[in-house]
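Enquirer: Numbering (our numbering), first residue to last: 17 to 123. For glycine and all other residues, C-beta sits at the position ideal for the given N, C-alpha and C. Quick caveat: nothing in here was measured; it's all calculated off a predicted structure. Please find one structure pasted underneath; my questions will follow.
Encoded structure:
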């Protein structure tokens with residue numbers, strides 16, 4: 017995401033960007049908790065986990081879409097990528113990152 021801002025020749029404070037992208041970890045914690053409760057009560061741990069994952073991933077996507085649409089300035093570099101494309105790319109990368117982090121066993 018930082019590279020995307022660099023290509024658009026705009027700036028955003030590092031701590032703001034870190035806070036915006038950190039919301040995915042709240043969703044991951046909720047997913048793990050729901051999956052553990054599903055296994056504990058024999059309700060279908062994997063099914064509960066994936067349903068919760070779809071919900072939290074879509075919430076993270078929507079949150080990032082709204083935040084980045086207000087954070088990225090309307091005027092960006094004329095030669096770089098378009099603002100709308102980058103905002104959509106930032107938003108739709110969140111579920112991919114959530115999936116990667118949730119499936120990586122050795123991080």
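Would you kindly check if the distance between the Cβ of residue 62 and the Cβ of residue 80 is under 7 Å?
Expert: Position 64 of the chain shown, counted from the start, is the residue given in the question as residue 80. Position 46 of the chain shown, counted from the start, is the residue given in the question as residue 62. Their beta carbons are not under 7 Å apart, which means residue 80 does not touch residue 62 by this criterion.
Enquirer: Grab the span of the alpha helix (DSSP H) containing residue 25 for me, first residue to last.
Expert: Locating residue 25 in the chain shown gives position 9, counting from the first residue. First-last for residue 25: undefined, no H or E at that position.
Enquirer: Can you tell me whether residue 31 is buried or exposed, with buried defined as 16 or more other CB within 10 angstroms of its CB?
Expert: Position 15 of the chain shown, counted from the first residue, corresponds to residue 31. With fewer than 16 other Cβ atoms within 10 Å, it is exposed.
Enquirer: Determine the closest residue to residue 95 out of 109, 20, 19, 24, with distance taken between C-alpha atoms.
Expert: In the chain shown, counting from the first residue as 1, residue 95 sits at position 79. The shortest Cα separation from residue 95 among 109, 20, 19, 24 belongs to 24.
Enquirer: Out of 42, 100, 65, 114, state which residue places its alpha-carbon closest to the alpha-carbon of residue 53.
Expert: As a first step, residue 53 is located in the chain shown; it is residue number 37 there, counting from the start. Comparing alpha carbon positions, the residue from 42, 100, 65, 114 closest to residue 53 is 65.
Enquirer: Buried or exposed: which applies to residue 82, given that a residue is buried once 16 or more other Cβ atoms fall within 10 Å of its Cβ?
Expert: Taking the chain shown and counting its residues from 1, one reaches residue 82 at position 66. With fewer than 16 other Cβ atoms within 10 Å, it is exposed.
Enquirer: I'd like to know whether the C-beta atoms of residue 40 and residue 110 end up nearer to each other than 7 Å.
Expert: The residue you call residue 40 lines up with position 24 of the chain shown. The residue you call residue 110 lines up with position 94 of the chain shown. It is a contact, given that the beta carbons lie within the stated cut-off.
Enquirer: Helix, strand or coil for residue 94 per DSSP?
Expert: As a position in the chain shown, residue 94 is number 78, starting the count at 1. Correct three-state label for residue 94: coil.
Enquirer: Determine the contact status of residue 88 and residue 103, defining contact as a CB-CB distance below 7 Å.
Expert: Locating residue 88 in the chain shown gives position 72, where the first residue counts as 1. Locating residue 103 in the chain shown gives position 87, where the first residue counts as 1. A contact, by the Cβ cut-off of 7 Å.
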